[in-house]
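> Here's a structure for you.
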Amino acid sequence: MTSHAPVIDTAHIPAPLAPIIEALAAAAVELDAVIGRGPLGQSLGAQVGENTDGDTQKALDVQADEMFAARMRQTDVRWYASEEQDSAQEMTPQGAYAVAIDPLDGSSNIDVNVSIGTIFSILDARDDAEATFLRPASEQLAGGYVIYGPHCALVVTFGDGVLMFVLDREKGVFVLAETALRIPDEAREFAINASNRRHWKDPVRAYVDACLAGADGPRGCDFNMRWVGSLVAEAHRILSRGGVFLYPGDARQGYARGRLRMVYECAPIAFVAEQAGGLATDGQASLMAQQADGLHARSPLVFGSAEEVREVARLHAEIAAR
Ligand code: AHG
Ligand code: MN
Ligand code: MN
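Just so we're aligned: 102 in my numbering is position 115 of the sequence shown, and the numbers increase by one with no gaps anywhere.
The following block contains the structure:
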C-alpha cells in the first residue's frame, strides 16, 4: 500500500504485518459499502456458480473474493488461498506472507439483512503453497474477522490478546475500540444447528439435551439458544457476551467432519477465541495443535467460554469410556 489515507489505526499492529492488515481493512471498507446498499446495488445473493466444496457461490462471494485478492496483490503476500478458489494463487513471488481467507462468510444471510463477515488468517510463506497452509493452527501469525452488521468491526489477534476496531463509516477508518477483548469464562448460551439433532453423535446430543433440560437437568440452570447461520456473527456474539458454538461432525453424507473449513474458518476463529481467554476444540482436543490435510478440508469446531468448551470435551471422554 502506498500513500493512501489511513484506513486503520496501526498503533497496536506489529509493523511487518501492518501493510497486510491495512489492505484487508481497505477491502473491508469497500465491501461494507457494497453490503450496505443491499438491494439498491446489484443482486448480491444471486447464484453464480459452485465452489470446490460444492457450496453455491453467490455474486457477493465472488465479488468479495475479487476485492480482497486485488488488495492482497499490492502487498508482500506470496500465497493467497480463498474459499472461492480451488487452489492457492501466487501473488508477489518474493513475498514473505500468506493469507487464507473466507471472503464472505454467512452467504445464506446476504439477502436477509443479517450480519455476514470475512475471516482471515496470516502465515509466513514457504516455497510451497500447500506446505504454507497445511500446518498447525498455532503457527498463524494473525487470525481475525470482519463483521458487516449494524456496525462494521475488525477483530484480530497477533498472538498477544485480541484487538477490536470499529469502522467509522463517515470517515472510512477502522478506529481502535478494544485492546484486550475477553470471552467471559462462564455463559449460559449455546449455538448449534439443532435441525441436525438426529444426525449428531451421543456426546453432542448429551451436551445439548443437558442445556435444554435447564434448571431441572444435570446442569442445574437454564440456557438460552442462538443460531444465526453466520460463523462470524456467532463468534462476535460469543466474544461480546460469552457462550459456546458447536459445528460438530455428524452422520450426514459429507459431514463426518462438520461443515467448517480448517484453514480459513476454524483456525483463525480458534486463534481469536483462545487469545480472548476462551477455548477452541474439535469437540475433544485443542484445535490450535491441529492442521488440515487439504486447503478446503473440514474440521469439527467447538469454541467459546472455557467452561462450556470443557464440558463438551468432558462428555466426549465420559461417553467414550463407557
Ligand atoms: P459460508 O457462507 O462461508 O459457506 O459459511 C457458512 C457457514 C457458517 O458461517 C455457518 O456457521 C454455517 O455455514 C451454517 O451452516 P448450516 O447452514 O449447516 O447451519
Ligand atoms: Mn464461511
Ligand atoms: Mn464464504
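Cβ coordinates follow ideal geometry from the N, Cα and C atoms, glycine included.
It should be emphasised that the depicted structure is a prediction, and the values quoted were computed from it without experimental measurement.
What are the start and end residues of each continuous beta strand (DSSP E) run of 3 or more residues lying completely inside the region 204 to 238, in chain order?
Counting only runs of 3 or more, we get 231 to 234.
> So for residue -6, helix, strand or coil by DSSP?
Reduced to three states, the DSSP call for residue -6 is coil.
> Quick check: what's the CA-CA separation for residue -12 versus residue 25?
Low per-residue confidence applies at residue -12: pLDDT is 46, beneath 50, and the placement is therefore not dependable enough to give any value.
> Keeping to the same chain, check which residues put their C-beta closer than 8 Å to that of residue 147; ignore five residues upstream and five downstream.
262
> Measuring CA to CA, which of 98, 92, 86 is closest to residue 116?
86
> Can you look up residue 293 in the DSSP assignment and give me helix, strand or coil?
helix
> How many angstroms separate the CA atom of residue 211 from the CA atom of residue 200?
11 Å
> At a cut-off of 8 Å, would you count residue 91 as near ligand 3, judging by its Cβ distance to the nearest heavy atom?
yes
> Pair every Cβ in the region 138 to 157 with every Cβ in the region 77 to 95, then say whether three or more of these pairs are closer than 8 Å.
no
> Output needed for residue 161: all residues of its chain with C-beta closer than 6 Å, excluding positions within five of it in sequence on either side, in chain order.
-5, 12, 141, 152, 154
> For residue 185, count neighbouring Cβ atoms within 10 angstroms of its own Cβ and tell me buried if that reaches 16, exposed if not.
exposed
> Would you list the residues sitting across from residue 163 in a DSSP beta bridge?
152
> With DSSP collapsed to three states, give me the class of residue -12.
Residue placement at residue -12 is flagged as unreliable, the pLDDT there being 46, under the threshold of 50; a coordinate-derived value is accordingly withheld.
> Quick one: is the Cβ of residue 37 within less than 8 Å of any heavy atom of ligand 2?
no
> Alpha carbon to alpha carbon, how far is residue 217 from residue 187?
20 Å
> For residue 71, which option in 35, 137, 99 has the closest C-alpha, if you only look at C-alpha atoms?
35
> Identify, in the order they occur along the chain, each residue of the same chain with its Cβ nearer than 7 Å to the Cβ of residue 319, setting aside the five sequence neighbours on each side.
For the chain, the structure presents residues -12 to 309; residue 319 sits outside this window and is missing.
> Can you list the beta strand (DSSP E) stretches of 3 or more residues lying completely in the region 71 to 103, in chain order?
If one requires a minimum length of 3 residues, the beta strand (DSSP E) runs lying completely within the region 71 to 103 are 84 to 92, in chain order.
> Cβ of residue 147 within 8 Å of any heavy atom in ligand 3?
no
> Tell me which same chain residues have a C-beta within less than 7 Å of the C-beta of residue 131, skipping the five on either side of it?
Once the five neighbours on either side are set aside, the close Cβ partners of residue 131 are 107, 141, 142, 143, 144, 255, 259.
> Taking 8 Å as the line, does the beta carbon of residue 246 fall inside it for any heavy atom of ligand 1?
yes
> For residue 133, report the span of its alpha helix (DSSP H) as first-last.
Run containing residue 133: none in the alpha helix (DSSP H); it sits in the beta strand (DSSP E), 129 to 135.
> Give the DSSP-derived three-state secondary structure of residue 125 in the structure shown.
DSSP, reduced to helix, strand and coil, places residue 125 within a helical segment of the structure shown.
> Within the continuous alpha helix (DSSP H) that includes residue 44, where are the two ends?
It is not in any alpha helix (DSSP H) - residue 44 instead sits in the beta strand (DSSP E) that spans 43 to 45.
> To the nearest angstrom, how far is it from the Cα of residue 99 to the Cα of residue 90?
18 Å
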